[in-house]
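Residue numbers (this note's numbering), protein chains in the order written: chain A, -2 to 142; chain B, -2 to 142.
Glycine residues also receive a C-beta, built at the ideal position from the N, C-alpha and C atoms.
What follows is a short report on a single structure.
Number of protein chains: 2
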Amino acid sequence: MRDDPDAGEVAGALRTSIGLLVRRLRQLKAEGELTLPESAVLARLDRGGATTATALAKLEQISPQSMGATLAGLETRGLVKRGPDPQDGRRAVVSATKAGLRELRDRRNASAAELARALASGFSRSERKQLLVAATLLERLAQNL
Amino acid sequence: MRDDPDAGEVAGALRTSIGLLVRRLRQLKAEGELTLPESAVLARLDRGGATTATALAKLEQISPQSMGATLAGLETRGLVKRGPDPQDGRRAVVSATKAGLRELRDRRNASAAELARALASGFSRSERKQLLVAATLLERLAQNL
DNA sequence: TATTGTTATACTCTATAACTATA
DNA sequence: TATAGTTATAGAGTATAACAATA
């Protein structure tokens, strides 16, 4: 594959900006709130589709063990529940509880709210549209890596 | 795509896509390569401007102690060097070594190269341009948080 | 007193390896 | 044998607290 100077420039810019953003988001998380992977899982469960730890791990591109740890934390706080799969005794069917969905949508979730606030107040409508498109592109990029 | 994406929708989409991308980038890192924060620091030093741990920490939005740990790792491998500041005995002036700059630019750095490859092969020119614009917006977003 | 940096400690998120239970 | 999940352990990348040296 020939070097594409454009691609290198974009790669560098994305690495820098994404690194900064992730760190800020982590810092904004307050006591008792959902972490990034936790809200990602709840959002997946809300959308439906995946219902086992392994399936969720594949979607989030992490190991099943890591997903297990995340799910265990959510279960302890009553935000998801796990039950047996009648068809396959090895599987545990994961679902979001009402409390979990409430937590996910709760606008008091500081980091999500802060992010939304910053987007609403510091960016124009067309910039928000650009960012929404970019999010789609970034997701595709992650999958193509 | 809607005309007026509300801030909450954009916030959610960005959180999901950015989380995925960061995880993939970390997974791609091979033995002995630069980590994300390490290449960020070297890139800052290359661009010039900041030369102390505290200044770099502010730019990267992490604590001075965390930056100290990153710099110590880089120094051990000879990629940066720290010397005394003649004007202020408390400060240590940090600079990238030739080996550090070489490492930064080295196309064999697997994760950076993979990212560039994926961008070059899976995205159109105009999509790459969109992503470059988005990177600027994301950096602004991180600073406004 | 305030600032720069270091050391010590701990948390989150992730990984791999070894194991059990089920298919 | 292969798959779903658990437990144990480790590493990266952060954080805060307590400290020393210098301004």
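- A residue is called buried when at least 16 other Cβ atoms come within 10 angstroms of its Cβ; A:Ser123 does not meet this threshold and is exposed.
- Residue environment: B:Ser14 is assigned as buried (16 or more neighbouring CB atoms within 10 Å of its CB, all protein chains considered).
- Note that the C-beta distance between B:Ala115 and A:Leu138 is below 8 Å.
- Residues of the same chain with a CB within less than 8 Å of the CB of B:Leu22, apart from the 5 flanking positions on each side, are Leu33, Ser108 and Leu112 in chain order.
- If you compare the alpha carbons of A:Leu53, A:Glu30 and A:Ser118 with that of A:Ala96, the shortest gap goes to A:Glu30.
- Nearest CB-CB separation between B:Arg88 and chain A: not below the 8 Å threshold.
- Residue-level contact check: B:Pro61 does not touch chain A, since none of the beta carbons of chain A fall below 8 Å from its beta carbon.
- Taking the Cα positions, B:Gln62 is about 18 Å away from B:Ser36.
- Sixteen is the threshold: when 16 or more other Cβ atoms of the shown chains lie within 10 Å of the Cβ of A:Glu100, as they do, the residue is buried.
- If you keep only unbroken beta strand (DSSP E) runs of at least 3 residues inside the segment 38 to 99 of chain A, you get 77 to 81 and 89 to 93.
- Listed by position along chain A, the residues whose Cβ is nearer than 8 Å to that of B:Ser121 form an empty set, because the closest Cβ is around 10 Å away.
- Proximity to A:Thr73 across A:Asp82, A:Thr94, A:Ile59 and A:Gly86 peaks at A:Thr94, based on C-alpha coordinates.
- By a beta-carbon distance limit of 8 Å, B:Thr49 does not contact B:Val7. Their separation comes to about 36 Å.
- A Cβ of chain A is located within less than 8 Å of the beta carbon of B:Ser14.
- In the three-state reduction of the DSSP assignment, A:Ala27 falls in the coil class.
- The beta carbon of A:Leu98 is closer than 8 Å to those of Leu39 and Asp43 in its chain, skipping five residues each way along the sequence.
- In the displayed model, B:Pro34 falls within a helix according to three-state DSSP.
- Against chain A, the CB of B:Gly65 has no partner CB under 8 Å away; the residue lies outside that interface.
- For A:Arg44, no chain B residue has a Cβ inside 9 Å of its Cβ, as the nearest lies near 10 Å away.
- Scanning its chain for C-beta atoms nearer than 7 Å, with the 5 sequence neighbours on each side dropped, one finds no residue around B:Val130.
- For the options A:Gln84, A:Ser118 and A:Asn106, the alpha carbon positioned closest to that of A:Ala27 is the one of A:Asn106.
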